[in-house]
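Numbering (the working numbering), first residue to last: 12 to 248. Presented below is the structure to which this report refers.
Here is the structure:
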């Protein structure tokens, strides 16, 4: 059953990582109601999915108005994505740079698939705003994170479903240091601490060691970006 249009509601792609948690706070500061969506696609770092409930509980505890705005939390299972991929995010292989100039953590079509499923769910629930943490300023070079790709997807989804979807990417033009700053601007030290303690970004799914910036192996590209951004954020305060 399709819900009536909810122009004041947003659906956030919420993985349980630093970027998506910051995007969730961004959405909660702008929309009257916010739902979240995570994907189980056979990712090596599936531990991120387990972080989402703790993050949502933490978000609710930060501000009563945010707690009141949070709606349903959805999870979609799309194991076929891993079945057709041969990447370091879906296989137990060493992370390395590929011959095409992209790291082998690139899962072809992942964000395109995510946005298509998100739009299908949003269509059923009457939602036209979709929020994602894609960024082409401080990233690993994935082509499906680029602004041109997101704009093209917005046009395709709007045409293909005859509904004017708007894809929001609040991190698109900022680096990781600015992402930490945005989290602070939105939720103060409490949100920054929540992200450090409860979110997960490490590609290897390592949750053993806690660093200043959070948990992770400290060596994979995701950890390196997060750590570098943290150092720059702290230095700029």
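Backbone N, C-alpha and C fix where the C-beta goes; we use that ideal spot for every residue, glycine too.
Given residue i as reference, the closest of the options once Cα atoms are compared
i           : options              : result
residue 254 : 29, 156, 65 and 86   : This structure cannot speak to residue 254, because the chain is shown only from 12 to 248.
residue 160 : 174, 145 and 149     : 145
residue 258 : 32, 22 and 42        : Nothing can be reported for residue 258, as the shown portion of the chain is limited to 12 through 248.
residue 202 : 178, 180, 225 and 58 : 225
residue 94  : 53, 82 and 65        : 53
residue 79  : 39, 96, 48 and 63    : 39
residue 233 : 214, 123, 89 and 222 : 214
residue 92  : 72, 63, 244 and 124  : 124
residue 71  : 191, 198 and 121     : 198
residue 245 : 143, 204, 231 and 76 : 204
residue 243 : 135, 223 and 206     : 223
residue 178 : 88, 66 and 122       : 122
Burial state of residue i (16 or more Cβ within 10 Å)
i           : result
residue 220 : exposed
residue 37  : buried
residue 170 : exposed
residue 26  : buried
residue 64  : exposed
residue 191 : buried
residue 143 : buried
residue 99  : For residue 99, the predicted structure reports a pLDDT of 48, less than 50, and the residue's modelled location is therefore unreliable. The matter cannot be settled from this model.
residue 227 : buried
residue 76  : exposed
residue 136 : buried
Inter-residue CB distance, residue i and residue j (contact presumed, cutoff 8 Å)
i           : j           : result
residue 249 : residue 229 : As shown, the chain starts at 12 and ends at 248. That puts residue 249 outside it, with no answer to give.
residue 140 : residue 22  : 7 Å
residue 19  : residue 42  : 6 Å
Alpha-carbon to alpha-carbon, residue j and residue i
i           : j           : result
residue 182 : residue 157 : 11 Å
residue 11  : residue 168 : In the structure as shown, the chain begins at 12 and stops at 248. Residue 11 is therefore absent and cannot be evaluated.
residue 130 : residue 200 : 33 Å
residue 216 : residue 60  : 11 Å
residue 235 : residue 155 : 21 Å
residue 148 : residue 180 : 12 Å
residue 240 : residue 187 : 4 Å
residue 28  : residue 173 : 32 Å
residue 165 : residue 138 : 14 Å
residue 162 : residue 189 : 22 Å
residue 24  : residue 84  : 10 Å
residue 44  : residue 206 : 21 Å
residue 11  : residue 193 : Summary: the structure shown does not reach residue 11, with the chain confined to residues 12 through 248, and so no result is reported for it.
residue 272 : residue 66  : Given that the chain is displayed from residue 12 to residue 248, the structure contains no residue 272 and the question cannot be resolved.
residue 89  : residue 133 : 17 Å
residue 35  : residue 48  : 11 Å
residue 231 : residue 120 : 21 Å
Report task. Can you check the segment 151–216 for any alpha helix (DSSP H) of at least 4 residues that lies completely inside it and give the ranges in chain order? Result -> 158–172 and 187–209
Query - Every unbroken alpha helix (DSSP H) inside the segment 26–95 [4 residues or more] - result: 29–39, 58–73, 75–80 and 91–94
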